[in-house]
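Undergrad:
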Amino acid sequence: MVFPASMAHQNHGSQMLTANRLRDGDVLYRKGDGWVLALAAGDVFADPASADAALAAAQAETVRNEFVAPYLFEVREVKGVIQPVKEREIIRAAGPTVRTDLGKQAGMVNV
Amino acid sequence: MSEVAPNMYRYDEFDARFVAERTAQFKLQVERRLKGELTEDQFKPLRLMNGLYLQLHAYMLRVAVPYGTISSKQMRMLAHIARKYDKGYGHFTTRQNIQYNWPKLVDVPDILSDLASVEMHAIQTSGNCIRNVTADHFAGASADEIEDPRPLAEIIRQWSSLHPEFVFLPRKFKIAVSGAPQDRAALKYHDMAVEIVKNDAGRTGYKVLVGGGMGRTPYIAQVLGEFVEKEDILAFLEAAMRVYNEQGRRDNIYKARIKILTNALGIEEMRRQVQREFAEIKQGGNLQLPQDELDRITAYFAPPNFDTGLPDAIPDAGKDFANWVKTNVHAHRAPGYAIATITLKTPGQVPGDATSAQMETIAELMDTYSVGEVRVTHEQNLVLPHVRKKDLPAIYARLKELDFASANAGLITDIIACPGLDYCDLANARSIPIAQRIALKFADLDRQHEIGELKIKISGCINACGHHHAGHIGILGVDKKGVEFYQLQLGGSGAEDASIGEIMGPGFTEHEIADAVERVVNVYIKTRQPGERFLDTYRRLGMAPFKDAAYEKEAA
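Protein chains in written order, with the working numbering: chain A, -15 to 95; chain B, 72 to 627.
In structure tokens, the structure reads:
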């Protein structure tokens, strides 16, 4: 699902940018001008302007056909660790809660 | 043991060519997408037409299982695909299909090619088209059946596959067929359904229902045609589809299903318009179903050569086995035979999941004991349709090794649950962990059997893939400011006594919901009258006593 850029404005705190890799569907997080597999290694955008700019840049890059469906989501710091605000993104970053042997949580992805 | 070829539809030259061409076409489309010759906006409808979604963690491929019938050869291929291309398991769905949660886009053309080699595909498992036709999972075996619904389901499959008028409908369209008075196919919750009936003269024909559905606006289907002659069925269905295609709303996705149109027009006006269209189609004469074609398709589903002179008694093999027989074995039409349900619902398990190894062992059971055939049920179980009663202890023993021998078919732990937020991009809340918690809470088999028939169905969002509206106890997961909550609904049924569950009130947290269900069940145990199921007691007493109990602890 491609979320419209305006959705960024529904998020009020710090945000991160995510997408799926085209060839295998793997979940990606924005870091610099590229992408990483681990949420912990991704960039956190503290203000809406920088988040919107990152999303706009990513949307423009979809023509490279390396990733699809970029969108922003809200994160917060809990005990010094960045984590998504919504359960949906927590599960997306880790893997199914009912199969902890699968997804990023299983592979200890940290980059 | 060698592979047994069951009596089921086999592709003819047209089917084989059509699937081969479609597989080759999608391979090229994937190549063009990866090269950048197609944008995602251009590619997305193409992949959806081939059952390929992008979900929460990865792509998801939904494979069509027409009317839930799988041969052992196909089951082995499904196991192979899970092992080679996915993460070693598949998920049987409430549409009698199987889906894989982790395929890579680059592998999908090879997966479709492997599927085509066993006469399977993923066409029309997504998109605004007529989806995979479902049927009674006891078809051709049940003792209460008027006629096997699979020949008609196959004819509808052929008629609706890439039908040029119905490729871009206002919304998806689901059809189910049943040939028995006991509704095991949830007919009244379908866009359209066909029930095989006999009229007063003793002639067999079709009762056609329209306008049922779940989702955010649930409706029970109404009778569109009380008795449609066999030769007229395709003309009649096509007439209904034309009325829907022309007048179904395309401006609002939430009002686009035929249930909305049916209720907006009113059933009388719907009937009038369909009859008018039907008369026109019939006059053209192109859509009459010739008896010889019906006979030709029916011949594919001829009953197997049942052994005669078999003992009709089920052997004694202990208490656990007897419990399993009580819930998971059903009456067969042939003496000495039975229908055996394999519930993929061992308490704590993910409902509907099976590993490659489990699928392969089930294929072995199919070949050894059930003429090479299994059925997928809309309740996410599997059915061995034709087993000798004398073989039941051996089947049970093998199922125990697989951890699929729970004696719980139709009981409180035989829970339907959609993939929910653990996998689904649309979900608001998780379903599977709630199913697991409830199943573990009620895992004691004596207690389950004491409670008796009780169907719990859980959906992780209002789209209702977990059929929560039809649950005796339905559970709907919702998101409240990023936190999962679960609403209880009571009194739903997907059977011949279909009803829509009534919402109880405010939701429960994920930690409260299983206890709330237990308090509701306890009210039933205390207040039931002899012979009453949970549903009967609810219908007699209404919501109040159950609601009081469910919120009791929270209020204290």
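Quick reminder that beta carbons are idealized off the backbone N, C-alpha and C, glycines included.
It should be emphasised that the depicted structure is a prediction, and the values quoted were computed from it without experimental measurement.
#1: Between the stretch 489 to 503 of chain B and chain A, which residues of the former have CB atoms less than 7 Å from a CB of the latter, in chain order?
#2: Along chain B, which residues have their Cβ under 7 Å away from the Cβ of P80/A?
#3: So, at 6 Å on beta carbons, what are the nonlocal neighbours of R328/B in its own chain, with the 5 sequence-adjacent residues on each side left out?
#4: Please decide whether Y130/B counts as near chain A, where near means a Cβ-Cβ distance under 8 Å.
#5: Express the C-alpha separation of R154/B and A425/B in angstroms, rounding to a whole number.
#6: Check whether the stretch 532 to 539 of chain B touches the stretch 229 to 241 of chain B, taking contact to mean three or more Cβ pairs, one atom from each stretch, closer than 8 Å.
#7: Exposed or buried, what is R81/B when buried is set at 16 or more other beta-carbons lying within 10 Å of its beta-carbon?
#8: Does the CB of G572/B have a neighbour CB from chain A at under 8 Å?
#9: Which two residues bound the contiguous alpha helix (DSSP H) that contains H151/B?
#10: With 16 as the cutoff for other CB atoms within 10 Å, does N399/B come out buried or exposed?
#11: Residues in its own chain within less than 8 Å of L280/B by CB, not counting five upstream and five downstream?
#12: Taking 7 Å as the line, does the beta carbon of E61/A fall inside it for any heavy atom of the ligand ZN?
#13: Quick one: using the 10 Å Cβ neighbour count with 16 as the cut-off for buried, is V591/B buried or exposed?
#14: I'd like to confirm the pairing. Which residues does DSSP put opposite I246/B in its beta bridges?
#15: Checking 8 Å against the spacing of the C-beta atoms, do I413/B and T165/B come in under that value?
#16: Consult DSSP for E302/B and reduce its assignment to one of helix, strand or coil.
#17: Taking beta-carbon pairs under 7 Å, can you tell me which members of the stretch 51 to 84 of chain A lie near chain B?
#18: Does DSSP classify A42/A as helix, strand or coil?
#19: By the three-class DSSP mapping on this structure, what secondary structure does N4/A have?
#20: On the criterion of 16 or more Cβ atoms from any shown chain inside 10 Å, does M(-9)/A qualify as buried, or is it exposed?
#21: Just to confirm before moving on: does the CB-CB distance between V594/B and P577/B stay below 8 Å?
#22: Can you list, in chain order, the residues of its chain with a C-beta nearer than 6 Å to that of H(-7)/A? Leave out the 5 residues immediately preceding and following it.
#23: Below 8 Å on the Cβ atoms is my guess for T205/B versus H457/B; work out the distance and round it to an integer in Å.
#24: Checking contacts by CB at 8 Å: is L105/B closer than that to chain A?
#25: Rounded to whole angstroms, what's the CA-CA distance from I169/B to C200/B? Just pull it up for me.
#26: Using a threshold of 8 Å, state whether the C-beta atoms of W173/B and D185/B are closer than that.
#27: Please classify I640/B as buried or exposed, where buried requires at least 16 neighbouring CB atoms within 10 angstroms.
#28: Do F349/B and F307/B have their C-beta atoms within less than 8 Å of each other?
#29: Have a look at G602/B, A566/B and V447/B and flag the residue whose alpha-carbon is nearest the alpha-carbon of P137/B.
#30: Taking C-beta pairs closer than 7 Å, name the residues in chain A that E111/B reaches, listed in chain order.
#31: Per the DSSP calculation, Q346/B is bridged to which residue(s)?
#32: Measuring only the C-alpha atoms, how far is A411/B from A53/A?
#33: Are the C-beta of G18/A and some C-beta of chain B separated by less than 8 Å?
#34: Quick one: which chain A residues come within Cβ less than 7 Å of G380/B?
#35: What three-state label does DSSP hand G284/B in the structure shown?
#36: Should T333/B be labelled buried (16 or more other beta-carbon atoms within 10 Å of its own) or exposed?
TA: Let me lay it out:
#1: L492, D493, Y494, D496, R501 and I503
#2: D493 and Y494
#3: R242 and G284
#4: yes
#5: 11 Å
#6: no
#7: exposed
#8: no
#9: S143 to Y156
#10: buried
#11: L258, K259, H261, M263, A264, V265, E266, A292, Q293, V294 and L295
#12: Among the ligands in the structure shown, none appear at all, so the ligand ZN cannot be discussed.
#13: buried
#14: M263/B
#15: no
#16: helix
#17: V52, A53, V69, K70, E71, R72, I75, R76, G79, P80, T81 and V82
#18: helix
#19: strand
#20: Low confidence applies here, because M(-9)/A scores a pLDDT of 43, under 50, leaving its location unreliable and the question unanswered by this model.
#21: no
#22: Caution applies to H(-7)/A, whose pLDDT of 45 falls short of 50 and renders its modelled position unreliable; the value that the coordinates give is listed next. Nothing listed; no residue qualifies.
#23: Their Cβ separation, rounded to whole angstroms, is 20 Å, which puts T205/B and H457/B out of contact at 8 Å.
#24: yes
#25: 18 Å
#26: no
#27: With chain B running from 72 to 627 in the structure shown, residue 640/B is simply not present.
#28: yes
#29: V447/B
#30: T46 and V52
#31: None; Q346/B has no bridge partner.
#32: 45 Å
#33: no
#34: Within chain A, no residue comes near G380/B; the closest Cβ sits about 48 Å away, beyond 7 Å.
#35: strand
#36: buried
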